[in-house]
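See below for the structure under consideration.
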Amino acid sequence: MAAKVLVIEDSRVMGEVMVFNLRHHGYQAQLAVNGFQALEMMQTQDFQVVLLDYQIPRMNGEEICQAMRQLPGYAQTPVIICSAKGYELDATRLREELGIVNVLPKPFSPLELMALVNELTASATPA
Amino acid sequence: MPVSELARLDCIRKERAAVQRIIPQKTRQQLMMLIIMIGVTASVGIGLIGYLNVHQPTTVQTFLLCPLLISIILLLTMTFSRMLRSIISPIDLIESQMEAFIRKEAHSFNATRPIRTVESTNTLWNRMILGVKGWIPQDEHHRQPTPSKHSQSEFLHADLFNMLPYGIAYADHTGQILLHNHSFIQMLILERISLTTTDVLFDAIKPFLTNADRQDAETSWQREDSLSVVLEVRCGEILQYIHMTRRPVLNQQRSAGTLIIVRDITQQKLSENDRDHFLSTATHELRTPLANIIAYAETLTVNDSIDLDQQKHFCHVIKSEAMRLSRFVDELLDISQMEAGCLTLRRSETNMLPFLLDVCDKVRPLMLSRQIDFINLFPHELPTLFIDKDKVASALVNLLGNAAKYTPRGGRVEFRAISLEHCLCLEIQDTGIGIASDELPRIFDKFFRSDDDQVREITGSGLGLSFTREVVRLHHGDISVQSEINKGSTFIMTLPRPQEPICRST
Chain E
17 MAAKVLVIED SRVMGEVMVF NLRHHGYQAQ LAVNGFQALE MMQTQDFQVV
67 LLDYQIPRMN GEEICQAMRQ LPGYAQTPVI ICSAKGYELD ATRLREELGI
117 VNVLPKPFSP LELMALVNEL TASATPA
Chain A
342 MPVSELARLD CIRKERAAVQ RIIPQKTRQQ LMMLIIMIGV TASVGIGLIG
392 YLNVHQPTTV QTFLLCPLLI SIILLLTMTF SRMLRSIISP IDLIESQMEA
442 FIRKEAHSFN ATRPIRTVES TNTLWNRMIL GVKGWIPQDE HHRQPTPSKH
492 SQSEFLHADL FNMLPYGIAY ADHTGQILLH NHSFIQMLIL ERISLTTTDV
542 LFDAIKPFLT NADRQDAETS WQREDSLSVV LEVRCGEILQ YIHMTRRPVL
592 NQQRSAGTLI IVRDITQQKL SENDRDHFLS TATHELRTPL ANIIAYAETL
642 TVNDSIDLDQ QKHFCHVIKS EAMRLSRFVD ELLDISQMEA GCLTLRRSET
692 NMLPFLLDVC DKVRPLMLSR QIDFINLFPH ELPTLFIDKD KVASALVNLL
742 GNAAKYTPRG GRVEFRAISL EHCLCLEIQD TGIGIASDEL PRIFDKFFRS
792 DDDQVREITG SGLGLSFTRE VVRLHHGDIS VQSEINKGST FIMTLPRPQE
842 PICRST
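Note that the protein sequences, when read in sequence, are chains E and A. FYI, in my numbering the residues of the first sequence are 17 to 143. FYI, in my numbering the residues of the second sequence are 342 to 847.
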């Protein structure tokens with residue numbers, strides 16, 4: 017059973033290519049364009065990894081992550097924050113406050129992203 | 342240099358008159374004499390009666406009573422006169438000090454002179470001196486002009502001191518604030534506070550300290566160290582940034598007091614904020630298309646077995662993202678020229694009808710691709726204006742492009758030109774998503790982008806409208822907007838007609 021990955025990204029262009037790469041590598045990937053949509057999807061489906069853009073209008077990455085941690089089954093879900101502000105974010109603080117969080121600064125190569133997702137899904141669901 | 346000696350002098354005169362009113366000096370002396378005389382007369386009289394009584398046969402009691410009465414009356418007189426003295430002598434001292442000051446023997450005035458006999462008078466005296474020193478004339482303008490050249494320059498000094506763009510306060514080594522100017526009161530909004538000591542001052546400014554600074558400031562204030570801090574002074578809706586420095590004043594290696602200087606740095610702070618905002622937005626705007634280009638290009642190169650349509654789509658995305666980047670760089674250049682004030686116009690006579698039709702041709706493909714009903718309503722004849730064709734064209738393309746971007750598929754965009762007496766009015770009306778009323782005033786601001794999700798999904802740098810407004814402004818025209826959420830927006834641009842018929846350039 018392929019791991020389910022949720023991509024939360026307000027830019028459709030970026031979201032589409034992330035979803036494409038994930039699907040191409042055999043993941044079941046879905047796209048949410050804002051926090052509300054994402055939280056709704058998380059309540060109806062189980063995702064093993066969440067990819068999160070930091071700068072999303074209304075509810076930013078951090079707020080989405082905090083809300084997500086309150087949902088049943090998402091207390092430990094690995095989160096990768098992808099952001100053009102990646103270099104300016106305080107990764108240590110995010111890790112301490114929001115659980116397992118990897119920061120991937122934009123621009124990133126899809127190879128990097130896939131490697132990270134592979135690693136996280138492998139550790140999340142040990143064979 | 343005395344800050345406003347005249348003012349002090351005036352105050353002193355008033356104080357003196359007040360003291361005189363209570364007990365005039367002459368009356369005081371007369372009162373003293375009267376009491377002593379009554380005392381003496383009474384004791385002599387009683388003594389005489391006693392003496393007479395001895396020679397005439399009377400009772401023993403009377404004989405004993407006389408000296409007792411004499412001594413009681415003498416004691417009372419002495420005590421009373423002593424009490425009176427203790428009240429009168431400080432007043433005399435104050436008076437002599439005032440006289441000294443009026444005679445310009447300021448050195449003896451400067452010392453806050455202790456009058457130990459009556460502690461409360463002493464405190465009162467010291468407070469009065471402080472009051473006089475800190476007293477700043479409020480009704481300078483109502484005063485009679487002083488004839489002396491010397492005092493005029495003193496008025497000037499006082500005015501200058503008050504009107505300095507810096508707020509200044511000086512406190513002595515005990516923390517008593519001896520001196521401050523108007524700017525100091527105004528910048529720190531201390532109008533309602535009686536500024537007596539540095540502790541009072543610190544309590545008043547404490548709310549203006551940022552949380553990060555508060556602890557440090559408090560410690561160094563108590564230790565009387567030098568201090569340099571930015572205060573956020575909020576007065577109603579207005580927030581002002583005030584820089585405050587405090588440093589000890591040394592007199593021969595010994596602390597002689599503290600000088601506190603405040604300076605309004607609001608403008609500086611705001612332009613710093615603008616610059617930071619600009620930088621962070623610009624970096625984000627550069628990184629986003631770059632991130633997309635890299636992601637799509639690498640997806641193409643590393644993944645085999647992508648079907649041809651998909652490949653084409655990816656290449657198309659790469660191209661459009663590259664175009665977006667290039668557009669953004671152009672816009673940045675325009676904006677930086679605009680900022681530097683060197684966005685200059687290359688005006689030429691322009692027949693507006695063909696010009697506007699050209700503009701329409703530029704945006705028609707975009708309108709078609711979004712299935713938007715694009716209608717232009719131009720009269721048969723339009724005036725000839727003296728404009729920079731390229732800049733006005735890109736300003737209009739900006740507005741029409743926005744209309745297309747923010748109007749859902751199947752919507753309608755109308756482009757109208759109305760020729761008025763003094764100007765040409767261009768209206769662009771769409772049936773788009775509209776602009777929230779609270780965001781309307783900010784849409785022409787540099788880098789402003791709506792927080793609306795629908796807007797966020799559409800790419801944009803937030804520079805277009807600010808560029809458009811600048812172009813219109815340079816042409817001495819005007820731009821305004823009316824909008825209703827989910828109904829649509831109308832942008833109205835006016836460009837003035839030339840005042841005189843355009844002369845053929847030679």
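Just so you know, even glycine gets a beta-carbon here, dropped at the ideal spot from N, CA and C. It should be emphasised that the depicted structure is a prediction, and the values quoted were computed from it without experimental measurement.
Contiguous beta strand (DSSP E) assignments of at least 3 residues, all confined to the stretch 740-768 of chain A: Whole beta strand (DSSP E) segments, 3+ residues: 753-760.
Ranges of the beta strand (DSSP E) found wholly within the stretch 17-65 of chain E, counting only runs of at least 3: List check, beta strand (DSSP E) in window: 20-24 and 44-48.
C-beta neighbour in chain E for Ser-621(A), strict 9 Å: For Ser-621(A), the answer is yes, since a Cβ of chain E falls inside 9 Å of its Cβ.
Cβ-Cβ separation, Ala-745(A) to Ile-713(A) (assumed contact under 8 Å), whole Å: The C-beta separation of Ile-713(A) from Ala-745(A) comes to about 6 Å, placing the pair in contact by the 8 Å criterion.
Supposed contact pair Glu-811(A) and Met-679(A) - C-beta distance, whole angstroms, cut 8 Å: Contact holds; Cβ gap of about 5 Å.
Complete alpha helix (DSSP H) runs within the stretch 96-132 of chain E (minimum length 4 residues, chain order): Whole alpha helix (DSSP H) segments, 4+ residues: 107-114.
Span of the beta strand (DSSP E) around Ser-824(A): Taken as a continuous stretch (DSSP letters only), the beta strand (DSSP E) holding Ser-824(A) covers 819-825.
Cutoff 7 Å; reference Val-738(A); Cβ partners in own chain excluding five residues on either side: Its chain contains Val-700, Lys-703 and Val-704 as the residues whose beta carbon lies nearer than 7 Å to that of Val-738(A), once the 5 sequence neighbours on both sides are disregarded; these appear in chain order.
Coarse secondary structure for Pro-839(A), derived from DSSP in three states: Three-state result, Pro-839(A): coil.
Contact residues within the stretch 637-660 of chain A, judged by C-beta distance below 7 Å to chain E: Listed in sequence order: Tyr-637, Glu-639, Thr-640, Val-643, Asn-644 and Val-658.
Neighbourhood of Glu-532(A) by C-beta, 8 Å cutoff - its chain only, sequence neighbours within 5 removed: Within the same chain, Glu-532(A) has close Cβ partners Ile-526.
DSSP beta-bridge partners of Arg-628(A): Assignment of beta-bridge partners to Arg-628(A) by DSSP yields no partner.
Burial state of Ile-379(A), where buried means 16 or more other Cβ atoms lie within 10 Å: Exposed.
Whole-angstrom C-beta distance between Tyr-582(A) and Val-570(A), which should lie under 8 Å: Not really, about 11 Å apart at Cβ, beyond 8 Å.
Between the CA atoms of Leu-649(A) and Lys-730(A) - distance to the nearest angstrom: Between the C-alpha atoms of Lys-730(A) and Leu-649(A) there is a straight-line separation of about 42 Å.
Reduced DSSP category for Asn-522(A) - H, G, I as helix; E, B as strand; rest coil: It is coil, neither helix nor strand.
Buried/exposed call for Asn-633(A), threshold 16 Cβ in 10 Å: It is buried - the Cβ of Asn-633(A) has at least 16 other Cβ atoms within 10 Å.
Of the listed residues Lys-787(A), Leu-815(A), Gln-840(A) and Ala-777(A), nearest to Ser-830(A) (C-alpha basis): With distances taken between Cα atoms, Ser-830(A) lies closest to Ala-777(A).
9 Å Cβ cutoff, Leu-127(E) in contact with chain A: It does: the Cβ of Leu-127(E) has a partner Cβ on chain A nearer than 9 Å.
Asp-480(A) burial status per 10 Å Cβ neighbour count (16 or more: buried): Bear in mind that a pLDDT of 44 at Asp-480(A), under 50, signals an unreliable position, so the number given afterwards is only what the model happens to contain. In the assembly as shown, Asp-480(A) is an exposed residue. Its beta-carbon has fewer than 16 other beta-carbons within 10 Å.
Contact set between the stretch 24-48 of chain E and chain A, restricted to residues whose Cβ is under 9 Å from the partner: So the close ones are Asp-26, Ser-27, Arg-28, Val-29, Met-30, Glu-32, Val-33, Met-34, Phe-36, Asn-37, His-40 and His-41.
Residue(s) in a DSSP beta bridge with Phe-832(A): When DSSP reads this structure, Phe-832(A) sits in a beta bridge with Ile-769(A) and Val-822(A).
Contact list for Ala-107(E) against chain A, beta-carbon separation under 8 Å: Those within 8 Å of Ala-107(E) in chain A number zero; the least Cβ separation is about 18 Å.
Expected contact under 8 Å - CB spacing of Leu-580(A) and Arg-588(A) to nearest Å: With a Cβ gap of about 26 Å, Leu-580(A) and Arg-588(A) do not count as contacting.
The stretch 57-70 of chain E in contact with the stretch 96-106 of chain E per 3-pair CB rule at 8 Å: Enough Cβ pairs lie closer than 8 Å, so yes.
Burial state of Gly-31(E), where buried means 16 or more other Cβ atoms lie within 10 Å: Here Gly-31(E) is buried, its C-beta having at least 16 other C-beta atoms within 10 Å.
Cβ-heavy atom distance, Leu-505(A) to the ligand GTP, below 8 Å: This structure simply doesn't include the ligand GTP, nor any ligand for that matter.
Neighbour flag for Leu-20(E) against chain A, beta carbons, 9 Å: The sequence shown places Lys at residue 20(E), not Leu. For Lys-20(E), no Cβ of chain A is located within less than 9 Å of the residue's own Cβ.
Beta-carbon neighbours of Ala-100(E), restricted to chain A and to distances below 8 Å: Result: Thr-624, His-625, Arg-628, Thr-629 and Ala-632.
Partners in chain A for Pro-88(E), counting only beta-carbon separations shorter than 7 Å: Simply none; closest approach about 27 Å.
Backbone CA spacing between Leu-505(A) and Ile-606(A) [nearest angstrom]: Taken atom to atom, the span from the alpha-carbon of Leu-505(A) to that of Ile-606(A) is near 15 Å.
Residue environment, Tyr-392(A), which counts as buried when at least 16 other CB atoms sit within 10 Å: Around the beta-carbon of Tyr-392(A), fewer than 16 other beta-carbon atoms lie within 10 Å, marking it exposed.
Contact set between Glu-662(A) and chain E, taken where Cβ atoms lie within less than 9 Å: Result: Val-29.
Residue environment, Asp-779(A), which counts as buried when at least 16 other CB atoms sit within 10 Å: Around the CB of Asp-779(A), fewer than 16 other CB atoms lie within 10 Å, so the residue is classed as exposed.
Residues that Ile-546(A) contacts on chain E, provided the C-beta gap is smaller than 9 Å: Per Cβ cutoff of 9 Å: no residues; Ile-546(A) is ~32 Å from chain E at best.
Buried or exposed by the 16-neighbour rule on C-beta atoms within 10 Å, applied to Ala-138(E): Within 10 angstroms of the beta-carbon of Ala-138(E) lie fewer than 16 other beta-carbons, which makes it exposed.
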